[in-house]
Amino acid sequence: MIALDDTDRAILRALSADATISAGALGRQLGLSQPACWRRIKRLQDAGILAGRRLLIDPEALGFGVTVFLGIKLATKGRVSLEDFERAATAIPEVQVVQHVLGLFDYRLKVRARDIADFERVLRRRVMTLPGVGQVEANVVLSEERRPGPLG
1 MIALDDTDRA ILRALSADAT ISAGALGRQL GLSQPACWRR IKRLQDAGIL AGRRLLIDPE
61 ALGFGVTVFL GIKLATKGRV SLEDFERAAT AIPEVQVVQH VLGLFDYRLK VRARDIADFE
121 RVLRRRVMTL PGVGQVEANV VLSEERRPGP LG
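First residue of the sequence shown? That's 1 in UniProt numbering, and the numbers climb one at a time after it.
Structure representation (structure tokens):
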């Protein structure tokens with residue numbers, strides 16, 4: 001764990017907003033030279049704080065307008081291994097995230113579908129046939145607000 005100063009946090013905020021920005025451009029924004037900015041970014045990478053850069057794809061622009069969070073309680077944990085369930089769930093293309101959680105459900109899945117009819121198809125033909133599935137609860141996302149997170 002490394003100590004972060006205000007400049008480090010400003011770098012993290014800027015890279016969170018635009019991971020494609022160059023060290024030179026970022027340095028100019030923050031009043032740093034390109035080499036100084038690059039060294040700070042490298043230090044954050046080496047410490048594991050910056051774990052990679054990703055390109056965000058807009059699922060709605062690709063025709064996937066419905067997002068559903070599923071809570072899944074396994075029927076019989078002894079008969080089916082968690083690894084078998086996870087392997088099968090991650091093999092479904094519409095399942096974007098598989099989370100093993102503590103609480104009422106054993107798993108939480110984030111599913112993207114083209115529309116409600118497409119989601120119903122995914123639910124019936126793929127999710128409900130996963131090994132060990134017992135109870136399923138669906139929460140359809142009506143709207144989403146992105147928050148800047150702890151670096152705000």
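The beta carbon of each residue, even a glycine, is placed where N, CA and C say it ideally should be.
Residue environment analysis places Leu130 among the buried positions, since at least 16 neighbouring C-beta atoms fall within 10 angstroms of its C-beta.
For Thr90, the secondary structure class from DSSP, reduced to helix, strand or coil, is helix.
In the structure shown, Gly71 falls within a strand segment according to DSSP collapsed to helix, strand and coil. In this structure the stretch 107-116 does not touch the stretch 43-50; the number of beta carbon pairs closer than 8 Å is below three. By the Cβ test, the stretch 133-145 is in contact with the stretch 55-72, since at least three Cβ pairs between them sit closer than 8 Å. Out of Val127, Arg112, Glu145, the CA that lies nearest to the CA of Glu60 is found in Arg112. Judged by DSSP in its simplified three-state form, Ala3 adopts coil rather than helix or strand.
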